[in-house]
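K.L.:
Here the sequence shown is numbered in my numbering, starting from -9 and rising by one per residue.
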Amino acid sequence: MAAHTAHTETRDLRETAHAAQVRELTAAGVLEDPRWRAAFAAVPRHVFVPYFWTGRGAGHERLWAEDPDPERRARWLRGVYVDTPLATRMRDGLQVSSSSQPSLMAKMLAALDVRDGDDVLEIGAGTGYNAALLCHRLGEEHVTTVDLDEEITESARAHLAELGYHPVVVTGDGARGCPARAPFDRIMVTCTLPLIPHAWLGQCRPGARILAPLSTGLIALTVRDAGFAEGNFLHTSAYFVPLRGATAAPAPGPAGAEYGLPYELVENERFQFMLVLTAGALHPREALDLWRREGRPARERFGVSVSAAGQWSWLDDPQGPYVWPLGEG
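1) Going by DSSP, what residue range makes up the beta strand (DSSP E) through Thr195?
2) Compute the Euclidean distance between the alpha carbons of Ala115 and Arg166, then round it to the nearest angstrom.
3) Tell me the DSSP bridge mates of Phe85?
4) Using only the heavy atoms of the ligand FMN, determine whether one of them is closer than 7 Å to the beta carbon of Ala121.
5) For Ala(-8), which three-state DSSP category applies?
6) Name the residue from Glu220, Thr226, Gly192 whose alpha carbon lies nearest to the alpha carbon of Ser205.
7) For Glu131, which of helix, strand or coil comes out of DSSP?
8) What does Phe292 pair with, by DSSP beta-bridge criteria?
9) Where do the ends of the alpha helix (DSSP H) carrying Glu144 lie?
10) Taking C-alpha atoms, which residue in Leu153, Trp302, Val136, Ala55 lies nearest to Val33?
11) Taking just the CA atoms, how far does Arg1 sit from Trp26?
12) Could you check if Pro311 is buried or exposed, using at least 16 other CB atoms within 10 Å of its CB as the buried criterion?
13) So, is His156 buried or exposed, given that buried needs 16 or more other C-beta atoms within 10 angstroms?
14) Excluding five sequence neighbours on each side, which residues of the same chain lie with their C-beta closer than 6 Å to the C-beta of Thr143?
15) Please report the straight-line C-alpha distance between Ala172 and Tyr229, rounded to a whole angstrom.
16) Quick check: the Cα distance between Val104 and Pro58, rounded to an integer number of angstroms?
17) If contacts are defined as beta-carbon pairs under 8 Å, then Pro92 and Leu15 qualify, I think. What distance do you get, rounded to the angstrom?
18) Which runs of the alpha helix (DSSP H) at least 4 residues long sit entirely within the region 88 to 124? Give them in chain order.
19) With 8 Å set as the bound, which would you pick, yes or no: does the beta-carbon of Ala216 sit closer than that to a beta-carbon of chain D?
20) Excluding the 5 residues preceding and the 5 following Asp109 in the sequence, name in chain order all residues of the same chain whose CB lies nearer than 6 Å to its CB.
21) When you compare only the Cα positions, how much space is there between Arg79 and Gln309?
22) Tell me the rounded alpha-carbon separation between His126 and Arg81.
23) Please state the DSSP three-state secondary structure of Leu67.
24) If you drop the 5 nearest sequence neighbours on each side, which residues of the same chain put their C-beta closer than 6 Å to that of Pro244?
25) Quick check: what's the CA-CA separation for Pro60 versus Ala100?
26) With a threshold of 16 other CB atoms inside 10 Å of the CB of Thr135, please say whether the residue is buried or exposed.
27) Between the Cα of Phe223 and those of Arg214, Arg199, Val231, spot the shortest distance and give me the residue it belongs to.
28) Tell me, which residues are paired with Arg52 by DSSP?
29) Please return the same chain residues whose Cβ sits closer than 8 Å to the Cβ of Phe30, not counting the five positions on each side in sequence.
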């Protein structure tokens, strides 16, 4: 009887925490579309994050759902439903997979601008939480998710099945896409890129949308055909685990005080975005002069063009005076 009571209390706590998170995201204005609000209400995050790692001092602490200590279980549950990213896989002290911040996920899903019947490829399966939200909105037959690590895809597949979702979960190099399931209407990326893989364009229908973390922002590209895509950054910042795989490359790091930049600008999020985006193409002092001259431009004034000839970032106009090659760092 005591065990049954404890189980009921735990279930009630989870349901209460889940409902509170949906209310919080709604109040924050990131669930304006009732269809995405319904998806977040239907898909509980705790199913996808049975454990996570949290920093403590010089090391990390693992919190998990089955911890025999009730206080640590409560900390796990509270942590799962906080609007923050959670480290779900650590390797050699480094984070290799995470559950993204729910409010950022909601913003990205809204920006993906899906329509009924769209086929979506997700690069970076992670825990499977994002794929579950897509399944609820579009139907599992329209969702494909890819991750490099078999351990990650097996876990994501199991989490999804627990809630009755069975999208196609593929173990493979996300930079190569998933040609067997192409063509796609949308590609959503949940890992930071140094460049846009050309393979993705050839797996998209004309007019498809690619939403991906690049630099410290989110680029929204419209695909014209297999040889060209272009678009602007969204206003929001975005920080994800880097893409891993044979065709991936490390993203350039931002310049710092070693270039004599004022500390307040080294720490300025908008300026850091421009530094990373133009790394290898502009000296940090040149970037600073341009940034000041152009009125400290926000992310959405920048864009990216992708063609067979190369990839470029630009300010305001892809044919304007401020154009820089990507991937030079």
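Beta carbons: idealized from backbone N, C-alpha and C, even for Gly.
P.N.:
In short:
1) Thr is not the amino acid found at residue 195; the sequence shown has Arg there. Taken as a continuous stretch (DSSP letters only), the beta strand (DSSP E) holding Arg195 covers 194 to 204.
2) 14 Å
3) First, the amino acid is wrong: residue 85 is Gln here, not Phe. The partner list for Gln85 (beta bridge, DSSP) reads Met80.
4) With respect to small molecules bound, the structure shown includes none, and the ligand FMN cannot be examined in it.
5) At Ala(-8), the pLDDT of 44 sits below 50, so the modelled position is not reliable and the matter cannot be decided from this model.
6) Thr226
7) helix
8) Leu305, per the DSSP bridge assignment.
9) 140 to 152
10) Leu153
11) 24 Å
12) exposed
13) exposed
14) The answer, listed in chain order, is Ala115, Asp137, Val159, Thr161.
15) 28 Å
16) 42 Å
17) 6 Å
18) 92 to 102
19) No chain D is present in this structure, which holds just one protein chain.
20) His132, Phe174, Asp175
21) 42 Å
22) 31 Å
23) helix
24) Below a pLDDT of 50, predicted positions are generally treated as unreliable, and Pro244, at 46, falls in that range; no measurement from the model is reported.
25) 37 Å
26) By the neighbour-count criterion, in which 16 or more other beta carbons inside 10 Å mark a residue as buried, Thr135 falls on the buried side.
27) Arg199
28) Trp43
29) Gln11, Val12, Leu15, Leu21, Pro92, Ala96, Leu123
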